[in-house]
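Participant:
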Amino acid sequence: MGRVTAAAAALSPARRGGLTRERILGVVYLALAAVIVFVFTGVEAGDSSAFGLNLGRGGLQLPDVVVPSAPTAYLLALIAASLGAMQLIRGFGTRWAVVLGVVVVAFVLAFLTWASAGGSINFAGLLQSTLQRSVPITFGALSGILCERAGVVNVAIEGMLLTGAFVSAVVASATDNSWLGVIGAVLAGGLLAALLAVLAIRYLVDQIIAGIVLNILAVGLTSFLATRVLTPNPDLNSPERFGEVQIPVLTEIPLLGPIVLENNVFIYMMFAAIAILSFMLFRTRWGLRVRSVGEHPKAADTVGIDVYWVRYRNVILGGMMAGLGGAYFTLGSTGSFEQEMTAGRGFIGLAAMIFGGWAPVGSFLAALVFGFADALQSRLSILNIPVASQFLQMAPYIVTIVVVAGLVGRVRAPAADGRPYRKG
Amino acid sequence: MTGTPTAPVPHADAMGVGDPAPTPPAGGQSAIEAWVRGVPRALVVPALALLTALAIGAIIIIVSDRDFVTQMGSNPAAALGAGLAKVRDAYIGLIGGSIGSPRAISETLLQATPLILTGLAVAVGFRAGLFNIGAEGQLYAGAASSIFVGFALVGVPAFIHLPLAVLAGIAGGAFWGFIPGFLKARTGAHEVIVTIMLNYVAYRFIDWLLNQPFFQREGRTDQISRFVEPSAELPRLIEGFRTHWGIFLALAAAAFVSWLLFRSTKGFEFRAVGLNPSAARYAGMSIGGTLILAMMVSGGLAGLAGASEMLGSNKTLTPGFSPGWGFDAIALALLGGARPLGVVFAALLFGALRAGATPMQVSTGIPIDLVVVIQALVIMFIAAPALVRGLYRIRVERRIGSEVFTKGWGA
Numbered sequence: 380m381g382r383v384t385a386a387a388a389a390l391s392p393a394r395r396g397g398l399t400r401e402r403i404l405g406v407v408y409l410a411l412a413a414v415i416v417f418v419f420t421g422v423e424a425g426d427s428s429a430f431g432l433n434l435g436r437g438g439l440q441l442p443d444v445v446v447p448s449a450p451t452a453y454l455l456a457l458i459a460a461s462l463g464a465m466q467l468i469r470g471f472g473t474r475w476a477v478v479l480g481v482v483v484v485a486f487v488l489a490f491l492t493w494a495s496a497g498g499s500i501n502f503a504g505l506l507q508s509t510l511q512r513s514v515p516i517t518f519g520a521l522s523g524i525l526c527e528r529a530g531v532v533n534v535a536i537e538g539m540l541l542t543g544a545f546v547s548a549v550v551a552s553a554t555d556n557s558w559l560g561v562i563g564a565v566l567a568g569g570l571l572a573a574l575l576a577v578l579a580i581r582y583l584v585d586q587i588i589a590g591i592v593l594n595i596l597a598v599g600l601t602s603f604l605a606t607r608v609l610t611p612n613p614d615l616n617s618p619e620r621f622g623e624v625q626i627p628v629l630t631e632i633p634l635l636g637p638i639v640l641e642n643n644v645f646i647y648m649m650f651a652a653i654a655i656l657s658f659m660l661f662r663t664r665w666g667l668r669v670r671s672v673g674e675h676p677k678a679a680d681t682v683g684i685d686v687y688w689v690r691y692r693n694v695i696l697g698g699m700m701a702g703l704g705g706a707y708f709t710l711g712s713t714g715s716f717e718q719e720m721t722a723g724r725g726f727i728g729l730a731a732m733i734f735g736g737w738a739p740v741g742s743f744l745a746a747l748v749f750g751f752a753d754a755l756q757s758r759l760s761i762l763n764i765p766v767a768s769q770f771l772q773m774a775p776y777i778v779t780i781v782v783v784a785g786l787v788g789r790v791r792a793p794a795a796d797g798r799p800y801r802k803g
Numbered sequence: 488m489t490g491t492p493t494a495p496v497p498h499a500d501a502m503g504v505g506d507p508a509p510t511p512p513a514g515g516q517s518a519i520e521a522w523v524r525g526v527p528r529a530l531v532v533p534a535l536a537l538l539t540a541l542a543i544g545a546i547i548i549i550v551s552d553r554d555f556v557t558q559m560g561s562n563p564a565a566a567l568g569a570g571l572a573k574v575r576d577a578y579i580g581l582i583g584g585s586i587g588s589p590r591a592i593s594e595t596l597l598q599a600t601p602l603i604l605t606g607l608a609v610a611v612g613f614r615a616g617l618f619n620i621g622a623e624g625q626l627y628a629g630a631a632s633s634i635f636v637g638f639a640l641v642g643v644p645a646f647i648h649l650p651l652a653v654l655a656g657i658a659g660g661a662f663w664g665f666i667p668g669f670l671k672a673r674t675g676a677h678e679v680i681v682t683i684m685l686n687y688v689a690y691r692f693i694d695w696l697l698n699q700p701f702f703q704r705e706g707r708t709d710q711i712s713r714f715v716e717p718s719a720e721l722p723r724l725i726e727g728f729r730t731h732w733g734i735f736l737a738l739a740a741a742a743f744v745s746w747l748l749f750r751s752t753k754g755f756e757f758r759a760v761g762l763n764p765s766a767a768r769y770a771g772m773s774i775g776g777t778l779i780l781a782m783m784v785s786g787g788l789a790g791l792a793g794a795s796e797m798l799g800s801n802k803t804l805t806p807g808f809s810p811g812w813g814f815d816a817i818a819l820a821l822l823g824g825a826r827p828l829g830v831v832f833a834a835l836l837f838g839a840l841r842a843g844a845t846p847m848q849v850s851t852g853i854p855i856d857l858v859v860v861i862q863a864l865v866i867m868f869i870a871a872p873a874l875v876r877g878l879y880r881i882r883v884e885r886r887i888g889s890e891v892f893t894k895g896w897g898a
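Those protein sequence lines, which keep their order, are chains Y and F. Going from the first sequence to our numbering is simple: count from 1 and add 379. Going from the second sequence to our numbering is simple: count from 1 and add 487.
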């Protein structure tokens, strides 16, 4: 399939020079500034917006940050516009990501100022919700990283999340033990991944087709079993959710403490997974071997690495990671399984993985962006703004498209990603 | 470029498949192989795939049964017997509901109509090397624009109104297909992610539309659109049966796709780009333009499926009116080998499964989703012919699936 890759490279925008892309980014920044000026300043004169910085519990209480709505929006528009102008005139070279981040933050703050004009918005709550909603997306992205760093494309993350959610609900309910539910979800994710690995590695099935098949299978099986088994036996779908675990002393840190350190166990597991995977992938011999299999399996094979074993192992580990993320839906969030409850989070996780350049920390930051879009739409439907809730609900999906379209030429996938390896 | 890119060369098989008249070796021939020898080669894998999927479905029915689980410990034989009886009832219900009566056959054709069209949509994508998972969203986009033209124009004669409404559906789907095609051509964004995301965007957009006064039916608070005008309706084939002229639209579309792919210059370009983009580029074809056009044709076919549903059977738009035809389409395109005629037969089969699923659920309580599981298993076995080959110890060509390639993420 070398020919296909060659053509993909020929198609890749990076080859068409960065100039056009720099210009497009500049124009986008100016357009965002224009939106701020023409839409987000549409508030009553003298209105102010308040940002709450507490989660309402004890500890050190911070005062609300109150800003005048219209002037703040103009200031943020000025920032976005000047960055856009500089982008058009001379570009930012390798610092484009930082500038993009600043412009996006300015735009979001302007939007929040507008949405909360004459009232207040619980900024701390928004951030905590962002973190929580990024959990399954992060686990999905980590799953993708494990598989794709070894050269296997995994589009079955969605199905693995869904399976994990289902199995964790059933096992936790049946055994009255949430931890057994987590273990069940991890094993179920691993099992689905093993099937993916066999299809992709042993039978050389196109990896995207194999992944899509597993997604359909997961949707079909979980919906079938939910109707046939869970509906007549509701006691099998009432697991105990994990409670909040507060880290003592550290929760006293203003703002950050309550947001990060008053959460259920999934969030701490997520941070642990990010740290461990980052270290393993980039600082150990294990990681070097995985990456060599994903970049140049033939070379890896030549120096004695068992390419098939590394791929099988990583895909299965990836499935277990996604299964863990799936358990979050039932045991960490809603408390019961619903059909197709993952609603595309697995695919958003894939986009986060691409956005994050196939690295754990980068993917987590990307997942935070998606989590924020998700948290925002759920909160803004309460606020009184003249945008239909359906359009806000589109936000995470549209952000995904923009990210995939805008970044795919800027980040580099493992060289052997998606290509089956045939010995000899 | 002079050669015609016909079917990709099958991998040379060590066992000599592909010989014009393979002489069976004296020994080592399995019973199943002997049994299937009279069946055309192209049908062996699909048939065995379906049989295996039904067998696994039977196991799932049995083990998910409450009586079976409780009885298994005390009286395994009786439990198994009762389980098998349930399977028999379920599959009898499935078959009876799909071909058991004139009404059942009408329902099968009704279900097959959108499946043929969405299956063709995915097949066109496959031929151009594109994996269109957005047929569902394109179907909704087509349905929304078609129903809008269907109810907004009043007092227009049918011979103008009906074609306009159908064309609106095609245009809506084509537009929804244009977006991923354009993004793929211009930025390299992988169509798999973009089309999946656009599915969700389409759901939300329909959700919004159905709350708008110009779209929602008067006097209703739930999400339902106005009725299509009689002048834009696709008539029923036979009064009293639900199947309608949409089936002929679908068959005409299959003929069109057949011509487009295998007899026209554009189709040649689709296949050339799908098989070998570098060579196509070298031959002077515009890869980007071809990708965009292929996605638009693909989306237009899915949009036509939406139009046919709106104007022929539903007559009104509701959220979730499609039971996942756009996703079944992936299975259909694979099952049909990305060939129009193959897709039509595969769609008739899946239409029968869909049509039979509801009576099955009513009479035996087995959830409709069983059909989704069976379909997923069918694709799995079709996509991995080696699995079937290993399972039944037969020789089959490795042919299907070679039309499609994974392309990483375009980076």
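We treat Cβ as the ideally placed atom computed from N, Cα and C, and that holds for glycine. Given the structure is predicted, the values throughout are model-derived calculations rather than measurements.
#1: Within its chain, find whatever has a CB closer than 6 Å to the CB of Phe662 (chain F); leave out the 5 residues flanking it on each side and keep chain order.
#2: Go through the stretch 621 to 688 of chain Y residue by residue and report every complete run of the alpha helix (DSSP H) that reaches 4 residues or more, in order.
#3: Is Ile524 (chain Y) near Trp737 (chain Y), with beta carbons less than 8 Å apart?
#4: Starting from Ser499 (chain Y), trace the beta strand (DSSP E) in both directions and tell me its first and last residue.
#5: Taking the straight line between their C-alpha atoms, what separation do you get for Gly888 (chain F) and Arg826 (chain F)?
#6: Taking Gln862 (chain F) as the query, report the chain Y residues whose CB atoms sit under 8 Å from its CB, ordered along the chain.
#7: Does chain Y have any CB closer than 8 Å to the CB of Pro512 (chain F)?
#8: Are the Cβ atoms of Ala834 (chain F) and Leu602 (chain F) separated by less than 8 Å?
#9: CB-CB under 6 Å to Ile653 (chain Y), same chain, minus the five flanking residues each way: which ones, in chain order?
#10: Taking the Cβ atom as the reference point for each residue, do Thr630 (chain Y) and Gly622 (chain Y) lie within a distance shorter than 8 Å?
#11: Could you give the first and the last residue of the continuous beta strand (DSSP E) run that contains Gly431 (chain Y)?
#12: With respect to the beta strand (DSSP E) encompassing Val445 (chain Y), which residues constitute its N-terminal and C-terminal limits?
#13: Is it true that the CB of Pro775 (chain Y) sits closer than 8 Å to the CB of Phe749 (chain Y)?
#14: Less than 7 Å between C-beta atoms, sequence neighbours within five positions excluded: which residues of the same chain meet that for Leu462 (chain Y)?
#15: May I have the straight-line CA-CA distance separating Ala548 (chain Y) from Ala794 (chain Y), to the nearest angstrom?
#16: Cβ of Ser809 (chain F) less than 8 Å from any chain Y Cβ?
#17: Looking at the ligand MN, does it come within less than 7 Å of Ile626 (chain Y), judged from the CB to the closest heavy atom?
#18: With 8 Å as the threshold, decide whether the Cβ of Gln772 (chain Y) is near any Cβ in chain F.
#19: Work out the CA separation of Gln625 (chain F) and Ala639 (chain F) for me, nearest whole Å.
#20: Could you round the C-beta distance between Ala730 (chain Y) and Val783 (chain Y) to whole angstroms and report it? I think they count as a contact, below 8 Å.
#21: Counting only runs that start and end within the stretch 687 to 769 of chain Y, where is the alpha helix (DSSP H) found for 4 or more residues in a row?
#22: Does Arg723 (chain F) come out as helix, strand or coil in the three-state DSSP assignment?
#23: Taking 8 Å as the cut-off, decide whether the C-beta atoms of Leu804 (chain F) and Ser718 (chain F) are in contact.
#24: For Val639 (chain Y), would you say it is in contact with chain F, using Cβ-to-Cβ distances shorter than 8 Å as the test?
#25: Give, in chain order, every unbroken run of the alpha helix (DSSP H) that is at least 4 residues long and sits entirely within the stretch 817 to 860 of chain F.
#26: Please classify Pro442 (chain Y) as buried or exposed, where buried requires at least 16 neighbouring CB atoms within 10 angstroms.
#27: Given a threshold of 16 other Cβ atoms within 10 Å of its Cβ, counted over all protein chains shown, does Glu594 (chain F) qualify as buried or as exposed?
#28: By the 10 Å Cβ neighbour count, where 16 or more other Cβ atoms means buried, how is Val641 (chain F) classified, buried or exposed?
#29: My output table needs one value for His648 (chain F): the three-state DSSP class, helix, strand or coil.
#30: With 16 other CB atoms within 10 Å as the buried threshold, where does Asn562 (chain F) fall?
#31: Please confirm if Pro854 (chain F) has its CB atom under 8 Å from at least one CB of chain Y.
#32: Ignore the nearest five residues each way along the sequence and tell me which others in Val688 (chain F)'s own chain have a CB closer than 8 Å to its CB.
#33: What separation, rounded to the nearest whole angstrom, lies between the Cα atoms of Ala630 (chain F) and Pro533 (chain F)?
#34: Using a Cβ distance threshold of 8 Å, determine whether the stretch 681 to 701 of chain Y contacts the stretch 593 to 613 of chain Y, with at least three qualifying pairs required.
#35: Along the chain, where does the alpha helix (DSSP H) containing Asn594 (chain Y) start, and where does it finish?
#36: If you run the structure through DSSP and keep just helix, strand and coil, what is Gln507 (chain Y)?
Facilitator: So, from the listed chains and residues:
#1: none
#2: 635 to 640, 644 to 662, 664 to 674 and 676 to 681
#3: yes
#4: Ser499 to Asn501
#5: Any reading at Gly888 (chain F) needs caution, since the residue's pLDDT is 44, under 50, leaving its predicted position unreliable; the model's value is listed next. Spanning the two alpha carbons is a distance of roughly 12 Å.
#6: Ile595 and Gly599
#7: Bear in mind that the predicted position of Pro512 (chain F) carries a pLDDT of just 44, short of 50, making it unreliable; the figure below should be weighed with that in mind. Cβ-Cβ to chain Y under 8 Å: no for Pro512 (chain F).
#8: yes
#9: Pro739 and Phe743
#10: no
#11: Ser427 to Gly431
#12: Val444 to Pro447
#13: yes
#14: Tyr408, Val478, Val481 and Val482
#15: 38 Å
#16: no
#17: Of ligands this structure carries none, so the ligand MN is not represented either.
#18: yes
#19: 21 Å
#20: 5 Å
#21: 724 to 734 and 739 to 759
#22: strand
#23: no
#24: no
#25: 827 to 851
#26: exposed
#27: buried
#28: exposed
#29: helix
#30: exposed
#31: yes
#32: Gly624
#33: 31 Å
#34: no
#35: Gln586 to Leu604
#36: helix
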